[in-house]
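**Q**
What follows is the structure, given as structure tokens:
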């Protein structure tokens, strides 16, 4: 498996999609920037692109472009709620280091 979508993340995407009337498709992309070099970017997508890598759970789809997957392969996307807030989090075995907030990383 290239990447996993946890049950918690799938449930949150389904809830957001229901509220917005969009398909339950979460896109993860990696952009340059952030305090550690690369940053995770999440958004709802209307449909997968032809060359996307796809992971599914409980009727929810996670899509990632072929370039971004190389930077997160073997990882997982989770949804975490804590006193500091709630957010999608990536567990990334490719990351050599990350920032304190968990939104950026380096390889």
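In full-length UniProt numbering, the protein residues as written are 1 to 107.
Each residue gets a CB set at the ideal place from its N, CA and C atoms; glycine is no exception.
With respect to the alpha helix (DSSP H) encompassing residue 5, which residues constitute its N-terminal and C-terminal limits?
**A** Counting along the chain, residue 5 falls outside any alpha helix (DSSP H), though it belongs to the beta strand (DSSP E) covering 3-5.
**Q** With DSSP collapsed to three states, give me the class of residue 19.
**A** helix
**Q** Report the three-state DSSP secondary structure of residue 70 (helix, strand or coil).
**A** helix
**Q** In the DSSP assignment, find the unbroken beta strand (DSSP E) run with residue 85 in it and report its ends.
**A** 85-91
**Q** From this set, 3, 8, 2, which residue's C-alpha is nearest residue 88's C-alpha?
**A** 8
**Q** To the nearest angstrom, how far is it from the Cα of residue 91 to the Cα of residue 4?
**A** Cα to Cα, the separation comes out at about 10 Å.
**Q** Starting from residue 37, trace the beta strand (DSSP E) both ways and give me its first and last residue.
**A** 37-44
**Q** Please list, in chain order, all residues of the same chain as residue 12 whose beta carbon is under 6 Å from its beta carbon, the five residues on each side excluded.
**A** Cβ neighbours of residue 12 beyond the five flanking positions: 79.
**Q** Considering only residues of the same chain and omitting the five flanking positions on each side of residue 44, which have a CB-CB separation below 6 Å?
**A** Result list for residue 44: 22, in chain order.
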